[in-house]
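Colleague: Sharing a structure here in C-alpha cells format.
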Amino acid sequence: MIERLFPSPATLSGTELEAEMHAAPLSRPPDGKPWVSFNFVASIDGAASVDGRSGELGNAMDQRLFLLLRHTAQVLVVGAQTIRAEGYGGPLLSPEAQQWRLEHGLSAHPPLAIVSGSLDLDPGMEVFTRAPVQPLIFTLASAPRDRRQALSEVAEVIEIGQSQLDIGQLVHQLTGRGLNSIHCEGGPRLLGTFAEAGEVDELSLTLSPLLVGGQAGRIASSAGTCVRSMVLDRVLKAESMLFLRYVRSQRQDGAC
Ligand SMILES: NC(=O)c1ccc[n+]([C@@H]2O[C@H](COP(=O)([O-])OP(=O)(O)OC[C@H]3O[C@@H](n4cnc5c(N)ncnc54)[C@H](OP(=O)(O)O)[C@@H]3O)[C@@H](O)[C@H]2O)c1
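This is how it looks when you write it as C-alpha cells:
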C-alpha cells in the first residue's frame with residue numbers, strides 16, 4: 032500500500048499512483064520549456080550506494096516508482112560512472128510503458144544521454160549494442176580523439192566545453208532536439224555538476240530505512256560547496272520508505 036502524506040493525504044490505488052507519478056509539479060512551466068529532474072535513492076544516514084551500486088538501497092516499490100518516472104521523460108541523462116557501475120543495457124522501458132508513451136505523444140523509447148569527460152566507455156558495452164535508439168554522449172573537446180572516433184560508430188558524440196563541461200550547453204543541445212523533459216538518473220557527480228550550474232528543477236528522493244555506515248558518498252558531489260534551496264512538493268510513503276519530491280525554489284538561479 033502506498034499513501035500520499037503531502038500535499039493532500041490519501042491512500043493511492045495502483046492507477047492513482049501512476050497518475051500521481053505522471054503528473055508534473057505545479058511549478059513546472061508549460062511544455063516547450065526545459066525541465067531538468069533527478070531521481071535518487073539514499074539511506075537514512077545519507078549513503079547513495081552500497082558496495083558501489085544503488086540497488087541494495089531500494090525495494091520493489093522504489094523500483095516501480097523509478098520506472099514510472101521514466102515514462103514522461105523525453106531523454107534520460109546518466110553519468111558515465113553510473114553506466115560503468117550499473118550497465119544500462121537494452122530497453123529501459125517495458126512494452127506497456129512504451130505503449131503508454133506512444134498513446135501520450137511521446138516516442139516509444141527516450142534516448143539515453145551519457146555524460147563523460149574522458150570517453151572511457153567501451154563501444155562494445157550493451158548500453159550501445161542493445162540500445163533501442165542511438166544514445167547521445169556529451170563530452171569535452173579535450174577527450175581523446177581515438178575514443179571519440181570509436182564511440183561515434185555507436186552514438187552521437189557532442190562536445191559541450193573545452194576542458195570543463197558546460198551544462199547550460201547540454202540543456203541547450205537537448206532542447207534544440209525537442210527534448211525538453213530531461214530526466215537524470217545520477218550519479219552523485221552528475222547531480223553535483225548540474226546543481227553547480229543551477230540546472231536542477233526537480234529532485235525525487237527515496238529515503239530508504241537503512242543505516243549503511245562505511246565511506247559511501249552522498250547523492251551530490253562537486254569540488255566546491257554550492258548551496259541551493261529547494262521546496263517540498265510531494266511526500267509518498269510505503270511502509271518505512273519515504274518518496275520525497277522537491278522542486279527548485281524561485282529565489283535562486285544561475286551558476287555557483
Ligand atoms: N543512489 C542513487 O540513486 C544512485 C543513482 C545513480 C548512481 N548511483 C551510484 O553512484 C555511483 C556513480 O556515481 P559517480 O558520482 O561516481 O558518477 P556519475 O555521476 O554517474 O558519473 C560521473 C562521470 O560522469 C562524467 N562527469 C560528470 N560530471 C562531470 C564533470 N563536471 N566534468 C567531467 N566529467 C563529468 C565523468 O565521466 P568520465 O569518468 O567518463 O570522464 C565522471 O566520471 C555508482 O556507485 C552508482 O551505483 C547511485
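Each residue of the sequence shown is one higher than the one before, starting from 32 at the first, in the working numbering. Cβ coordinates follow ideal geometry from the N, Cα and C atoms, glycine included.
Identify, in the order they occur along the chain, each residue of the same chain with its Cβ nearer than 6 angstroms to the Cβ of residue 106, setting aside the five sequence neighbours on each side.
Modeller: Same-chain partners within the cutoff: 141, 142, 144, 205, 210 and 213.
Colleague: Are there three or more Cβ pairs, one per stretch, closer than 8 angstroms when the segment 223-235 is compared with the segment 150-163?
Modeller: Output reads no: the segment 150-163 does not touch the segment 223-235.
Colleague: Anyone know if the C-beta pair for residue 90 and residue 272 falls short of 8 angstroms?
Modeller: Yes, the pair counts as a contact, with Cβ atoms nearer than the cut-off.
Colleague: Give the single residue among 285, 127 and 257 whose Cα lies nearest to the Cα of residue 98.
Modeller: If we check each option's Cα against that of residue 98, 127 comes out closest.
Colleague: Taking only heavy atoms of ligand 1 into account, decide whether any of them is closer than 7 angstroms to the Cβ of residue 250.
Modeller: Yes; taking the cut-off as 7 angstroms, the Cβ of residue 250 has a heavy atom of ligand 1 nearer than that.
Colleague: Quick check on residue 276: does DSSP put it in helix, strand or coil?
Modeller: Three-state result, residue 276: strand.
Colleague: Taking residue 269 as the reference, which of 195, 241 and 92 has the closest Cα?
Modeller: Ranking the options by Cα distance to residue 269, first place goes to 92.
Colleague: Report yes if the C-beta of residue 256 is less than 7 angstroms from at least one heavy atom of ligand 3; otherwise report no.
Modeller: Within the structure as shown, ligand 3 is missing, the only ligands being ligand 1.
Colleague: Is residue 151 near ligand 1, going by C-beta to nearest heavy atom under 7 angstroms?
Modeller: Yes; taking the cut-off as 7 angstroms, the Cβ of residue 151 has a heavy atom of ligand 1 nearer than that.
Colleague: DSSP three-state label for residue 214, please.
Modeller: Strand, per DSSP.
Colleague: Taking Cβ positions, are residue 80 and residue 239 nearer each other than 8 angstroms?
Modeller: Not closer than 8 angstroms, so no.
Colleague: Closest to residue 52 by C-alpha separation, out of 95, 86, 84 and 40, would be which residue?
Modeller: When only C-alpha atoms are compared, the closest one is 95.
Colleague: What span of residues does the beta strand (DSSP E) with residue 176 cover, start to end?
Modeller: That residue, residue 176, is in no beta strand (DSSP E); its alpha helix (DSSP H) goes 176-183.
Colleague: Among the candidates 44, 67, 36 and 34, whose CA atom is the shortest distance from the CA of residue 278?
Modeller: Out of 44, 67, 36 and 34, 67 has the C-alpha closest to the C-alpha of residue 278.
Colleague: Relative to ligand 1, is the shortest distance from any of its heavy atoms to the C-beta of residue 67 smaller than 7 angstroms?
Modeller: Checking the Cβ of residue 67 against ligand 1 gives no.
Colleague: Beta-carbon within less than 6 angstroms of residue 38's beta-carbon, same chain only, minus the 5 sequence neighbours each way: which residues are those?
Modeller: Excluding residues within five positions, none has a Cβ falling inside 6 angstroms.
Colleague: Could you say which of 56, 58 and 35 lies nearest to residue 47 if we only look at CA atoms?
Modeller: Nearest option by C-alpha distance: 35.
Colleague: Following a CB-centred definition, is residue 206 positioned closer than 7 angstroms to any heavy atom of ligand 1?
Modeller: Outside the cutoff, so no.
Colleague: Considering just the uninterrupted stretch of the beta strand (DSSP E) at residue 234, what are its terminal residues?
Modeller: Run containing residue 234: 233-239, per the beta strand (DSSP E) assignment.
Colleague: Please go through the same chain and pick out, in chain order, the residues whose beta-carbon is closer than 7 angstroms to the beta-carbon of residue 173, but skip the five residues on each side of it.
Modeller: 193 and 194.
Colleague: Using three-state DSSP, classify residue 352 as helix, strand or coil.
Modeller: Residue numbering for the chain in the displayed model covers 32 to 287; residue 352 lies beyond these limits and cannot be assessed.
Colleague: Rounding to the nearest angstrom, what Cα-Cα distance links residue 267 and residue 72 in this structure?
Modeller: So the two alpha carbons sit approximately 14 angstroms from each other.
Colleague: Is residue 264 helix, strand or coil when you go by DSSP?
Modeller: In the structure shown, residue 264 sits in a strand (DSSP, three-state: E or B).
Colleague: Would you decide whether residue 287 is buried or exposed? Buried here means 16 or more other CB atoms lie within 10 Å of its CB.
Modeller: By the 10 Å Cβ count, residue 287 comes out exposed.
Colleague: Rounding to the nearest angstrom, what Cα-Cα distance links residue 255 and residue 32 in this structure?
Modeller: Taking the straight line from one Cα to the other gives about 41 angstroms.
Colleague: Going by alpha carbons, who is nearest to residue 82 out of 58, 253, 285 and 247?
Modeller: For the residues 58, 253, 285 and 247, the minimum Cα distance to residue 82 belongs to 247.
Colleague: Skipping 5 residues on each side, what residues in its chain have a beta carbon closer than 7 angstroms to that of residue 228?
Modeller: Correct list, in chain order: 198, 199 and 286.
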